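Chains as they are written, first to last, in this note's numbering: chain H, 295 to 698; chain G, 6 to 443. Everything below concerns the one structure shown next.
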């Protein structure tokens, strides 16, 4: 292939070539950044919560008035729920992974520490919680039933025991020796008796909480409050049925309550990651439209050039150029333009990303994206130019002899 | 002449439907994407009370000390402790002021066969309603005396009044909330400020609370805090609700209406004076750090518009730009194929200006068509957004008249801007040259 004729033809149509190159560059810049953000959000959404999500649901319970014996009422409810057919286990809590709102706490290695050593989500649970969540204990032990106390939101902490996630244990004791150690929560000494492999915090889509999203601690307390949640785990395949029977059962036990937010974990997950999903879908849609517009733009402009140069092409064909040569001519031309566009686009992509890092607290773009994006945009160009180029190649040599 | 140009434009567009469709589609897609995201962004960054947003202020007092401050040195809290809120109330330094917090009830329906249901509530001062220009359908706010006396009175939101009383005037009637009777003193008309300016921490967008009750009534009943509650710093929290009220935990939102620059200045001085006094009597071990933000500044500080929304706007406007570059290329192609026609027009007397106007009208027509396509796509896009975002955001995904006008105007302007270079090129056509070539 000779580049000479192509370049000299392009010099006569500088603006057109420049427009295609610019369009490809912008497409590349936007595409890389959009795909990068989409990928990040998809990774975020795919993270496991540590809960047996397929079989578990939650409901929020609010008592009417100010009952005195909430502790006993919760125990009654839990006995009723655990006795239901299809229920594996159930417990009451202030919050749960992916809930959206909850209780965060600082954990220290000494009393009266100025800055806590680790931030963590705090869940009030009982000896049934690990089973009801489907969480895996990897070291130590579960709570025993006689360790379970009662605590209202406004109580003071007491010395006791906790179970922590592996991530929290490692944050507190980087050498991995968290089990059996004493830490301080609300300035009270607490012994770590168990470690679970994973339980996410209630806040999974939140820049503030991202730093401790794996840190959770379980307290052996029944949470005494007017409003709290039950977590119920059903036998495989029975979660939908149990969601109905559980509500009915609770109203049978006591009518003076409001049950709200009955959500399967699929729903909880959808709610938790709603904004991430929305962003990914919207950017995906825009990216698709972007590719389509760019491709059709290339088709349109190249078709126009082909039409403009039909006689010229006819002459070339009459002088012995094969169809293949004509096809190659337009593909090479597009390839040259696309290379310039891709180079410019790579710089633009990095620039756009740097700006977004600064202005919008985004992360740095992985350069692999830029390279893949460049290849993709060049392939898009080759693909889009194919139809007009084929049309050009089919120009009959006889055209050269006819007057227009 | 203008009508003739429009007629010419339509004829020319019909002659090359493929190229026309491509241009209209490109502009329509670009406009649709950018207006969808811009409309959402505008709704999020809107001012729910433009007539007063510069007169409503929320104060902050650093009651936790330097260790808990942001890296920028700004206070770490976004609310007040109960102690500070009450102290500010007692200063009576603003013409209107209200302390408030989010709470809620179980509502007992009048029909005993029905189950009780949940209603979120806002405990606040009597000035709240006048301060935020809250519209009343029936009745009026409670009085300051009611608040002082911890009276069992409520103002119902319109929806709750519809549900309990079928929308009738319920002033003077009682509602049973958590086994206590409350007298209805007022019913709100439709009121949906977006963002919910008075408490963007607990819920930035969405509906306002179902009902309102006096701050002191809620405190007297020790009603649960349903909103954020932050305990940090050298905090000793004694047990019980009273212990919590005495603590340095922050959970009370506070707003004051200050109408003049002197009032604002005076209020700032008072705030600092109060904090200095707290330092003096040993409660704060640090120099006073206070802030006083008006509504718009407060939205900035609270980062009310999520970064996601900005990313969407940036990306979709980038897309619009690509669409325009695309349109420039296509228009260039289109006008160039018509060089001979333009040559003829020039030869028989049309000056450059006439050719320029003609081409510009044509791009305007393309822009208008693209704008209409874009408008339809924006409506589709916003409907899609409604499905993707949470219910709280649903109120933000509606096209208003301004959106419609901006969409069409932007499309026409964008198309004409894109058409500028091709149009200029068209005017450069040498009549003789074109005629000769033919």
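Where a beta carbon is used, it is the ideal one built from N, C-alpha and C, also for glycine. Treat the numbers as computed from the prediction; the structure is a model and nothing was measured.
Would you say residue i faces chain H, with C-beta separation under 8 angstroms as the test?
i, result
"residue 331 of chain G", "yes"
"residue 121 of chain G", "yes"
"residue 311 of chain G", "yes"
"residue 84 of chain G", "no"
"residue 3 of chain G", "Here chain G comprises residues numbered 6 to 443, so residue 3 of chain G is not present and cannot be evaluated."
"residue 316 of chain G", "yes"
"residue 395 of chain G", "yes"
"residue 218 of chain G", "no"
"residue 116 of chain G", "no"
"residue 113 of chain G", "yes"
"residue 345 of chain G", "no"
"residue 434 of chain G", "no"
"residue 44 of chain G", "no"
"residue 38 of chain G", "yes"
"residue 323 of chain G", "yes"
Does the CB of residue i have a neighbour CB from chain G at under 8 angstroms?
i, result
"residue 683 of chain H", "no"
"residue 569 of chain H", "yes"
"residue 304 of chain H", "no"
"residue 521 of chain H", "yes"
"residue 309 of chain H", "yes"
"residue 363 of chain H", "no"
"residue 317 of chain H", "yes"
"residue 356 of chain H", "yes"
"residue 700 of chain H", "The structure shown has nothing for residue 700 of chain H, since chain H only spans 295 to 698."
"residue 359 of chain H", "yes"
"residue 686 of chain H", "no"
"residue 575 of chain H", "yes"
Whose CA, out of the options, lies closest to the CA of residue i?
i, options, result
"residue 168 of chain G", "G:84, G:350, G:124, G:251", "G:124"
"residue 358 of chain H", "H:395, H:632, H:522, H:483", "H:522"
"residue 506 of chain H", "H:513, H:512, H:496", "H:496"
"residue 491 of chain H", "H:331, H:537, H:459, H:650", "H:459"
"residue 433 of chain H", "H:473, H:640, H:446, H:636", "H:473"
"residue 276 of chain G", "G:427, G:90, G:17", "G:90"
"residue 319 of chain G", "H:653, H:684, H:575", "H:653"
"residue 629 of chain H", "H:646, H:590, H:673", "H:673"
"residue 317 of chain G", "G:416, G:390, G:145, G:70", "G:390"
"residue 367 of chain G", "G:61, G:59, G:425", "G:425"
"residue 183 of chain G", "G:94, G:223, G:427", "G:223"
"residue 144 of chain G", "G:129, G:166, G:152", "G:166"
"residue 705 of chain H", "H:693, H:640, H:646", "Since the first and last residues shown for chain H are 295 and 698, residue 705 of chain H lies out of range."
"residue 339 of chain G", "G:13, G:8, G:9, G:18", "G:18"
Please compile the residues from chain G whose C-beta is within a distance smaller than 8 angstroms of the C-beta of residue i.
i, result
"residue 409 of chain H", "72"
"residue 626 of chain H", "Within chain G, no residue comes near residue 626 of chain H; the closest Cβ sits about 20 angstroms away, beyond 8 angstroms."
"residue 321 of chain H", "327"
"residue 572 of chain H", "313, 390, 393, 394"
Beta carbon of residue i: closer than 7 angstroms to some heavy atom of the ligand COA?
i, result
"residue 77 of chain G", "In the structure shown, the ligand COA is absent, as is every other ligand, since no ligand is present at all."
Using the beta-carbon of each residue, which ones in chain H are nearer than 7 angstroms to residue i?
i, result
"residue 376 of chain G", "Ordered by position in chain H, no residue passes the 7 angstroms Cβ test against residue 376 of chain G, which lies about 16 angstroms from the chain."
Which bits of chain G does residue i rub up against, with CB to CB less than 9 angstroms?
i, result
"residue 371 of chain H", "Within 9 angstroms Cβ-Cβ: nothing; residue 371 of chain H doesn't reach chain G, min ~16 angstroms."
"residue 450 of chain H", "242, 243, 244, 248"
Just to make sure I have the definition right: I need the residues of chain H whose C-beta is within less than 8 angstroms of the C-beta of residue i. Which are they?
i, result
"residue 370 of chain G", "Within 8 angstroms Cβ-Cβ: nothing; residue 370 of chain G doesn't reach chain H, min ~18 angstroms."
Going along chain G, which residues have a C-beta under 7 angstroms from residue i?
i, result
"residue 313 of chain H", "330, 333, 334"
List, in chain order, every chain H residue whose beta-carbon is nearer than 9 angstroms to that of residue i.
i, result
"residue 229 of chain G", "447, 519, 520, 521"
"residue 18 of chain G", "Within 9 angstroms Cβ-Cβ: nothing; residue 18 of chain G doesn't reach chain H, min ~14 angstroms."
### Task
Please list the segments of the alpha helix (DSSP H) lying wholly inside the region 350-430 of chain H, counting only runs of 4 or more residues, in order along the chain.
Runs of the alpha helix (DSSP H) lying entirely within the region 350-430 of chain H and spanning at least 4 residues, in chain order: 364-377, 423-427.
### Query
For the region 579-613 of chain H, which residues have a CB atom closer than 7 angstroms to at least one CB atom of chain G, in sequence order?
580, 583, 584, 587, 588, 590, 591, 594, 595, 598
### Task
May I ask you to list, following chain order, the residues of the region 245-267 of chain G that have a beta carbon less than 8 angstroms from some beta carbon of chain H?
245, 246, 248, 249
### Query
Can you list the alpha helix (DSSP H) stretches of 4 or more residues lying completely in the region 481-524 of chain H, in chain order?
none
### Task
Identify every run of the beta strand (DSSP E) within the region 253-313 of chain G, keeping only runs that are complete inside it and at least 3 residues long; order them along the chain.
255-262, 295-299
### Message
Runs of 4 residues minimum, wholly inside the region 302-376 of chain G: which ones carry the alpha helix (DSSP H) assignment?
### Response
312-342, 344-352
### Contacting positions in the region 400-434 of chain H - beta carbon closer than 8 angstroms to chain G
408, 409
### Query
Given a limit of 8 angstroms on CB to CB distance, which residues of the region 637-667 of chain H reach chain G?
Legend: CB atoms of the region 637-667 of chain H lying less than 8 angstroms from CB atoms of chain G belong to residues 646, 650, 653, 654, 655, 656.
### Task
Note down, one range per segment and in chain order, each beta strand (DSSP E) of at least 3 residues found wholly within the region 57-135 of chain G.
61-66, 101-113, 122-129
#### Entry: Contact residues within the region 325-353 of chain H, judged by C-beta distance below 8 angstroms to chain G
327, 328, 331
### Query
Using a beta-carbon distance cut-off of less than 9 angstroms, what residues from the region 268-285 of chain G approach chain H?
none
### Message
Quick check for students: name the residue ranges of the alpha helix (DSSP H) that lie wholly in the region 164-242 of chain G, counting only runs of 4 or more.
### Response
220-225
### Task
Could you name the residues of the region 156-188 of chain G whose beta carbon sits closer than 9 angstroms to any beta carbon of chain H, in the order they occur along the chain?
183, 184, 185
#### Entry: Positions along the region 408-434 of chain G whose CB lies within less than 7 angstroms of some CB in chain H
none
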